[in-house]
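Asker: FYI, the numbering for the sequence shown is 1 to 575, going by my numbering.
Ideal Cβ placement from N, Cα and C applies to all residues, glycine included.
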Amino acid sequence: MSKTVLIRSRDGKQEERVSWNDLNATFSRNFQISSSFELSFTMTYSSEFTNVYNLAKEKAFVIYAGEAYVIQQISPVANSAGLLQKQITANHVVLDKLKNLRIDTNPESTTTNNSGDSSSDTADDDTSGTTVVTKPTDQVQTYSFESQLKRFFDNNDQGISYALHGSFPDLDIQASDGTALDFLSSNASSYGAVYVPHGNTLDIYNYSTIERKTDKTFRYLSDMTEASVSVDVNDLINTRQVYAGKMETTTTIVNGADSGPVSKDAIGFQSYVRQFVGKPYVWSGNTPSGWDCSGFVAYVYNHFGIAMHQPTTYEETQGTVVGPPYQTGDMLFWGSRGSTTHVALALNSIQMIMAANESQGTIIENINAWPPSFGVRNAQMYSMVGSGNGTSSEDSSTTTTTADYYQIKFEYRDEESIATYGLHRGSPLILDSVYDDDNARKAARLQTQSNPSVSLSLQLTGEDGQLGDAIYAIVPEMNISTYVMLVGISGNDLAFNSGANIELTFNNNNDALKDVNHALFQDIHELKNSFNSVNNQIANLGSRNENHFGHIVITQKEASEIEQYVDKQRQDSGG
Numbered sequence: 001m002s003k004t005v006l007i008r009s010r011d012g013k014q015e016e017r018v019s020w021n022d023l024n025a026t027f028s029r030n031f032q033i034s035s036s037f038e039l040s041f042t043m044t045y046s047s048e049f050t051n052v053y054n055l056a057k058e059k060a061f062v063i064y065a066g067e068a069y070v071i072q073q074i075s076p077v078a079n080s081a082g083l084l085q086k087q088i089t090a091n092h093v094v095l096d097k098l099k100n101l102r103i104d105t106n107p108e109s110t111t112t113n114n115s116g117d118s119s120s121d122t123a124d125d126d127t128s129g130t131t132v133v134t135k136p137t138d139q140v141q142t143y144s145f146e147s148q149l150k151r152f153f154d155n156n157d158q159g160i161s162y163a164l165h166g167s168f169p170d171l172d173i174q175a176s177d178g179t180a181l182d183f184l185s186s187n188a189s190s191y192g193a194v195y196v197p198h199g200n201t202l203d204i205y206n207y208s209t210i211e212r213k214t215d216k217t218f219r220y221l222s223d224m225t226e227a228s229v230s231v232d233v234n235d236l237i238n239t240r241q242v243y244a245g246k247m248e249t250t251t252t253i254v255n256g257a258d259s260g261p262v263s264k265d266a267i268g269f270q271s272y273v274r275q276f277v278g279k280p281y282v283w284s285g286n287t288p289s290g291w292d293c294s295g296f297v298a299y300v301y302n303h304f305g306i307a308m309h310q311p312t313t314y315e316e317t318q319g320t321v322v323g324p325p326y327q328t329g330d331m332l333f334w335g336s337r338g339s340t341t342h343v344a345l346a347l348n349s350i351q352m353i354m355a356a357n358e359s360q361g362t363i364i365e366n367i368n369a370w371p372p373s374f375g376v377r378n379a380q381m382y383s384m385v386g387s388g389n390g391t392s393s394e395d396s397s398t399t400t401t402t403a404d405y406y407q408i409k410f411e412y413r414d415e416e417s418i419a420t421y422g423l424h425r426g427s428p429l430i431l432d433s434v435y436d437d438d439n440a441r442k443a444a445r446l447q448t449q450s451n452p453s454v455s456l457s458l459q460l461t462g463e464d465g466q467l468g469d470a471i472y473a474i475v476p477e478m479n480i481s482t483y484v485m486l487v488g489i490s491g492n493d494l495a496f497n498s499g500a501n502i503e504l505t506f507n508n509n510n511d512a513l514k515d516v517n518h519a520l521f522q523d524i525h526e527l528k529n530s531f532n533s534v535n536n537q538i539a540n541l542g543s544r545n546e547n548h549f550g551h552i553v554i555t556q557k558e559a560s561e562i563e564q565y566v567d568k569q570r571q572d573s574g575g
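#1: Just to confirm, is the Cβ distance from M485 to G465 under 8 Å?
#2: Going by C-alpha to C-alpha distance, which of L171, N366 and N368 sits closest to S144?
#3: In chain order, what residues of the same chain have a beta carbon less than 6 Å from the beta carbon of H309, not counting five sequence neighbours either side?
#4: Strictly by DSSP, which residues pair up with A444?
#5: Within its chain, find whatever has a CB closer than 8 Å to the CB of T42; leave out the 5 residues flanking it on each side and keep chain order.
#6: Is the region 486-499 touching the region 445-453 in the sense that three or more CB pairs, one from each, lie closer than 8 Å?
#7: Got a sec? Which residues, its chain only, sit under 7 Å from S427 by beta carbon, not counting five neighbours each side?
#8: In chain order, which continuous runs of the beta strand (DSSP E) of length 3 or greater are located wholly inside the region 34-109?
#9: Do V70 and N100 have their CB atoms nearer than 8 Å?
#10: On a Cα-Cα basis, can you pick out the residue from V233, L164 and N187 that is closest to Y205?
#11: List the endpoints of the continuous beta strand (DSSP E) containing H165.
#12: With a threshold of 16 other CB atoms inside 10 Å of the CB of E38, please say whether the residue is buried or exposed.
#13: Compare the beta carbon distance of A346 and G375 with 8 Å and say whether it is the shorter of the two.
#14: Checking 8 Å against the spacing of the C-beta atoms, do V300 and G290 come in under that value?
#15: Does P371 pass the burial test, meaning 16 or more other C-beta atoms within 10 Å, or should it be called exposed?
#16: Taking Y143 as part of the beta strand (DSSP E), name the residues at either end of that continuous run.
#17: Determine the closest residue to R10 out of L55, Y243, I160 and Q327, with distance taken between C-alpha atoms.
#18: Once the 5 residues before and after R212 are set aside, which same chain residues still bring their CB inside 7 Å of it?
#19: Let me check understanding here. Comparing Cα to Cα, which of V322, S185 and G278 lies closest to S359?
#20: Say yes only if the C-beta of E16 is nearer than 7 Å to one or more non-hydrogen atoms of the ligand GTP, and no if none qualify.
#21: Span of the alpha helix (DSSP H) holding Q270?
#22: Measure the C-alpha to C-alpha separation of V434 and W20 and round it to an integer number of angstroms.
#23: Using a Cβ-Cβ cutoff of less than 8 Å, which residues in the same chain neighbour I524 once the five nearest sequence positions on both sides are dropped?
#24: Does the separation of the CB atoms of R102 and T179 fall below 8 Å?
#25: Please classify K442: is it buried, with 16 or more other beta-carbons within 10 angstroms of its beta-carbon, or exposed?
#26: Output needed for G462: all residues of its chain with C-beta closer than 7 Å, excluding positions within five of it in sequence on either side, in chain order.
#27: Return the residue from the list S28, F153 and D265 that minimises the CA-CA distance to S383.
#28: If you count every other CB in all the chains shown that lies within 10 Å of the CB of P169, and 16 or more means buried, which is it?
#29: Give the C-beta separation of I364 and Q351 to the nearest angstrom, bearing in mind that I take them to be a contact with Cβ-Cβ under 8 Å.
#30: Would you kindly work out how many angstroms separate the C-alpha atoms of N348 and N439, rounded to a whole number?
#31: Residue range of the beta strand (DSSP E) that H342 falls in?
#32: Write down the C-beta distance between G159 and E67 rounded to the nearest angstrom, noting that I regard them as a contact closer than 8 Å.
#33: Could you tell me the boundaries of the beta strand (DSSP E) in which T217 lies?
#34: Just the Cα atoms here: how many angstroms apart are N458 and Y483?
#35: Excluding sequence positions up to five away, which residues of its chain have a Cβ less than 6 Å from the Cβ of A355?
Set out below in structure tokens:
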């Protein structure tokens, strides 16, 4: 069945077919993921097409390929032949209706702020007069993507709906005043989401769900038609430290002392070691100018007259193995006995102090934030601080210490990227308000560009595609061998003009897709020009036509790379 374009009246009572000659000469699509879904064509007045010409009015419908579009612009067209013509521009009906789904604050409403439950943990430890309060420092309410979409779509009067494909993180984003289109334009990228309208439904995908692998291959050869390739590795990162869920611990010690002689009891021990918070971490160091974990423990123990030296495998033998609850002065170890990798000192049953790493230095952290494998209680230390009933001076005083730490800590690594491009270490990713491990790991993936950004623009004759199609791009000159996904289509429909030039825009960069917005894609040629400016790595190829998507012989190495990539994608998607 051949394609047609119809003009339908706003009330749906009239419908007429647009002239095929007009479509053959002037029809154009501009479809861009998460952005423009626009049609344009020029209509010519004639006796045969008088009705359809007059029916094409503002806000009338254009029906194309089973989808409805709303006429947004009508412009007169000047021509030398004296013909009466007008240019029609129409946007997909779903995007038009999204502007009518609004959230607006009642200006007469009264808002009462209630801090609510602070979600803090307060405990008195085994040391008399010590109070420990732990609370999130940046905890905010998080919302699912769907919960915010429901605020716009539930019970709407526009007859449209949405469908989610794939999983999305919970974020501290709440829909506020404005339209559903405003919300999606501003926030879909934060959720790692892209969207495409179909019928009266807005289909919303994560990147891996919308991508459809094909068996088509693009090989960058000197005899291909007009094409451009842009590669950018300036922002490539494949490993970084991630810190999420910021917590604050406030410790108040009554009858402690910050100065004067340090007593050999629990309060004296705590007062003494707290002064070292912030001291630098230096591998194999053992003084306040710089120490590692075992060096710090040895320094403190020696100060209290207990012979101790590095490393952790020695220190773990200097006492009796104990489990929680730990007591002041206990040594806390990570790893198996005989091969431990880290050590800290228990301040009390709740907190520990340690030389953590080069980026953090010496810190105080809650024990339950990173539980040790086991503890060791030294008899000499326990005889001094175990009772917890000593005092450090005759003068009563109160000492309050505040320390910050992160509940969630891990190293993000893309092993495939490291193997391919070498190690590219990035700055730490700080996610203060993310308190869920799964969401932290999703955010790390979304916010880390671990592969070169490859943008491919093809001008094809007699070739077409569908948004989301992924082809395998081989660019030996740039050491590129990767899948790229179709994110933009511009040009006529081959059903109207079989020899039309179609411009297809591909990208492999999830972050690039997230940054798609209406301004960027108002014109596909603006996008192409932006590619030209990335690194001036565009190559203009010869003019001989060739079927890029035809059967192309590739090397055994390239075939192996494709197979490995596909296998990894299946594993990542759980397929």
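Answerer: Working from what's here:
#1: Against the sequence shown, residue 485 aligns to sequence position 485. Against the sequence shown, residue 465 aligns to sequence position 465. Cβ distance not < 8 Å, so M485 and G465 don't count as in contact.
#2: Here residue 144 corresponds to residue number 144 of the sequence shown, with the count starting at 1. The closest CA to that of S144, considering only L171, N366 and N368, is found on L171.
#3: Walking along the sequence shown from the start, residue 309 turns up at place 309. Within the same chain, H309 has close Cβ partners A298.
#4: Taking the first residue of the sequence shown as position 1, residue 444 is located at position 444. BP columns for A444 are empty, so no partner.
#5: Your numbering for residue 42 matches position 42 in the sequence shown. Within the same chain, T42 has close Cβ partners D22, A25, T26, V77, Q85, K86, Q87 and I88.
#6: No contact exists between the region 445-453 and the region 486-499.
#7: Your numbering for residue 427 matches position 427 in the sequence shown. R240.
#8: Every beta strand (DSSP E) of 3 residues or more that sits fully in the region 34-109 is shown, in chain order, as 37-44, 61-64, 67-77 and 85-92.
#9: Taking the first residue of the sequence shown as position 1, residue 70 is located at position 70. Taking the first residue of the sequence shown as position 1, residue 100 is located at position 100. Contact: no.
#10: The residue you call residue 205 lines up with position 205 of the sequence shown. For Y205, the closest C-alpha among the options V233, L164 and N187 is that of L164.
#11: One-based indexing of the sequence shown puts residue 165 at position 165. In this chain, the beta strand (DSSP E) harbouring H165 covers S161 to H165.
#12: Residue 38 sits at position 38 when you count from the first residue of the sequence shown. Counting Cβ neighbours within 10 Å, E38 comes out buried, since at least 16 surround it.
#13: For the purposes of this step, residue 346 is identified with residue 346 of the sequence shown, where counting begins at 1. For the purposes of this step, residue 375 is identified with residue 375 of the sequence shown, where counting begins at 1. It is a contact, given that the beta carbons lie within the stated cut-off.
#14: Mapped onto the sequence shown, residue 300 falls at position 300. Mapped onto the sequence shown, residue 290 falls at position 290. Cβ atoms of V300 and G290: not closer than 8 Å.
#15: For the purposes of this step, residue 371 is taken as the residue at position 371 of the sequence shown. Label assigned to P371: exposed.
#16: Reading the sequence shown from its first residue, position 143 is the one you call residue 143. Looking at the DSSP string, Y143 is not in any beta strand (DSSP E), and its letter there is neither H nor E.
#17: For the purposes of this step, residue 10 is identified with residue 10 of the sequence shown, where counting begins at 1. Of the candidates L55, Y243, I160 and Q327, the one whose C-alpha sits nearest the C-alpha of R10 is L55.
#18: For the purposes of this step, residue 212 is taken as residue 212 along the sequence shown, with counting starting at 1. If we look at R212 and ignore the five residues flanking it on each side, its Cβ neighbours are G468, D469 and A470.
#19: Here residue 359 refers to the residue found at position 359 of the sequence shown. Per the Cα distances, G278.
#20: As for the ligand GTP, it is missing from this structure, which has no ligand bound.
#21: Taking the first residue of the sequence shown as position 1, residue 270 is located at position 270. Note, Q270: alpha helix (DSSP H), A266 to R274.
#22: For the purposes of this step, residue 434 is taken as residue 434 along the sequence shown, with counting starting at 1. For the purposes of this step, residue 20 is taken as residue 20 along the sequence shown, with counting starting at 1. One C-alpha to the other measures close to 56 Å.
#23: Reading the sequence shown from its first residue, position 524 is the one you call residue 524. Only weak support is given to the placement of I524: the predicted model assigns it a pLDDT of 31, under 50, and the value that follows is read from those uncertain coordinates. Once the five neighbours on either side are set aside, the close Cβ partners of I524 are N30, Q32, G488, S490, E503 and T505.
#24: Taking the first residue of the sequence shown as 1, we reach residue 102 at position 102. Taking the first residue of the sequence shown as 1, we reach residue 179 at position 179. A contact, by the Cβ cut-off of 8 Å.
#25: Start at 1 with the first residue of the sequence shown, and residue 442 comes out as number 442. Burial call: buried.
#26: Taking the first residue of the sequence shown as position 1, residue 462 is located at position 462. In chain order, L494, S498 and G499 place their CB closer than 7 Å to the CB of G462, counting only its own chain and leaving out the 5 sequence neighbours on each side.
#27: Start at 1 with the first residue of the sequence shown, and residue 383 comes out as number 383. Of the candidates S28, F153 and D265, the residue whose Cα lies closest to the Cα of S383 is D265.
#28: Start at 1 with the first residue of the sequence shown, and residue 169 comes out as number 169. Counting Cβ neighbours within 10 Å, P169 comes out buried, since at least 16 surround it.
#29: Walking along the sequence shown from the start, residue 364 turns up at place 364. Walking along the sequence shown from the start, residue 351 turns up at place 351. So it is a contact: roughly 6 Å between Cβ atoms.
#30: What you label residue 348 is simply residue 348 of the sequence shown in a count that begins at 1. What you label residue 439 is simply residue 439 of the sequence shown in a count that begins at 1. If you take the alpha carbons of N348 and N439, they lie about 31 Å apart.
#31: On the sequence shown, residue 342 is found 342 positions in, with the first residue counted as 1. Looking at the DSSP string, the run of the beta strand (DSSP E) that includes H342 is H342 to A346.
#32: As a working note, residue 159 is residue 159 in the sequence shown. As a working note, residue 67 is residue 67 in the sequence shown. Their Cβ separation, rounded to whole angstroms, is 15 Å, which puts G159 and E67 out of contact at 8 Å.
#33: Residue numbering aside, residue 217 sits at position 217 when the sequence shown is read from its first letter. Here the beta strand (DSSP E) through T217 covers R212 to R219.
#34: On the sequence shown, residue 458 is found 458 positions in, with the first residue counted as 1. On the sequence shown, residue 483 is found 483 positions in, with the first residue counted as 1. Note that residue 458 is Leu in the sequence shown, not Asn. Each residue's Cα considered, the two are about 15 Å apart.
#35: As a first step, residue 355 is located in the sequence shown; it is residue number 355 there, counting from the start. Around A355, the same chain offers Y281, W291, D292, C293, F296 and T362 as residues with beta carbons nearer than 6 Å, after the five sequence neighbours per side are excluded.
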